[in-house]
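Q: Attaching a single structure in structure tokens format; questions to follow.
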Amino acid sequence: MTADIVNIVFCLVCVVVAIVYGAPSSKLPKGFKQCKKSDPNLNECLKDGLQSAIPHLVKGVPSLGIIPMDPLRITELKIDQGSGPVSIKLNFKDLDIMNLKMLTIDKIKYDSKKYILYIEALPKQSIVLQGNYEITGKVLVLPIVGKGKCKIILDMSKVYGTLIMKPIVKNGMEYLEIDDFSLKFIASKLNFKLDNLFNGDKALGDNMNVFLNENWKELLNELQPAVEAVFATAFKGIGQQFLNRIPINQIITD
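According to the numbering used here, the sequence shown is numbered sequentially starting from 18.
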């Protein structure tokens, strides 16, 4: 099935706008690893460096203007799925994404001439999304309506990310700017718990949650592009915030 996502609107205030504080930095903070361009094992060095940076990033790095990102707060996410087996309007508010700190970097490949970074990661724990939702529409011929609290648990066996960047000069120093960040993942399980479905009808709500969890593969096939777009935008914001403060020659030296 191919997802027909008419509109995705999300506001990542926590990672794109509100994280801008603290004095600009020009050096890697303590705990971050520097690599050499001449290193024949540059990809391994970058992999180790990114892995060692994750605990610092999730706790927050004031000198880089990055606040704690686990949980990662998404203030609003709207998915308008207009056609196909899943035809819904699904809105989330104050959605927290948890366990990002449990990502393990499995592989990195960096093209220093084209400024393209390819990443493979392994989530060691389920990614949990928890917040407020509102839904109306149809899921595999069954009508669905509800508004309340939600908890979504996503198990992923692998995550793939590709960053396409370009060098820019600021104040006589060269930095990297992210042109595009695409993200894909392979899911092994998806579990829904949507409270207050059908205006609080417990029997109907319980049955619908069972139905959603029994048919999670079909549902995810329709909604996965929207979920991937959310993660890609969040990580792009965090990555760009880091790159805005640190020149290339502090990340990869000559």
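A virtual CB, placed ideally from N, CA and C, is assigned to each residue, including glycine.
Starting from the C-beta of A40, find all residues in its chain whose C-beta is less than 6 Å away, skip the five residues before and the five after it, and write them out in chain order.
A: Counting from 1 along the sequence shown, the entry for residue 40 is found at position 23. Below a pLDDT of 50, predicted positions are generally treated as unreliable, and A40, at 39, falls in that range; the measurement from the model is reported next regardless. Closer than 6 Å at the Cβ level, and outside the excluded window around A40, lies no residue.
Q: Among residues of its own chain, excluding the 5 on either side of N230, which ones have a beta-carbon nearer than 7 Å to its beta-carbon?
A: Along the sequence shown, read from residue 1 onward, the residue named residue 230 stands at position 213. Around N230: N208, F209.
Q: Can the beta-carbon of Y132 be found closer than 8 Å to that of K183?
A: Locating residue 132 in the sequence shown gives position 115, counting from the first residue. Locating residue 183 in the sequence shown gives position 166, counting from the first residue. Yes, the pair counts as a contact, with Cβ atoms nearer than the cut-off.
Q: Where in the region 67 to 110 do unbroken runs of the beta strand (DSSP E), each at least 3 residues long, occur, reported from the N-terminal end onward?
A: Counting whole runs of 3 or more residues, the region 67 to 110 contains the beta strand (DSSP E) stretches 89 to 98.
Q: For N216, count neighbouring C-beta atoms within 10 Å of its own C-beta (all shown protein chains included) and say buried if the count is 16 or more, exposed if not.
A: To locate residue 216, count along the sequence shown from 1; it is residue 199. When all chains shown are included, N216 counts as exposed.
Q: Quick one: does L214 have its CB under 8 Å from some CB of chain D?
A: In the structure shown, chain D cannot be found, because there is only a single protein chain.
Q: Might you give, ordered along the chain, the residues of its own chain that have their beta carbon closer than 6 Å to the beta carbon of F202, omitting 5 neighbours on each side?
A: Stepping through the sequence shown from its first residue, residue 202 is reached at position 185. Answer for F202: M173, V176, listed in chain order.
Q: Is I169 helix, strand or coil by DSSP?
A: Working through the sequence shown from its first residue, we reach residue 169 at position 152. Looking at I169 - three-state DSSP - the assignment turns out to be strand.
Q: What would DSSP say about P46, mapped onto helix, strand or coil?
A: For this step, residue 46 is matched to residue 29 along the sequence shown. Coil, per DSSP.
Q: With 16 other CB atoms within 10 Å as the buried threshold, where does T250 fall?
A: Here residue 250 refers to the residue found at position 233 of the sequence shown. Label assigned to T250: buried.
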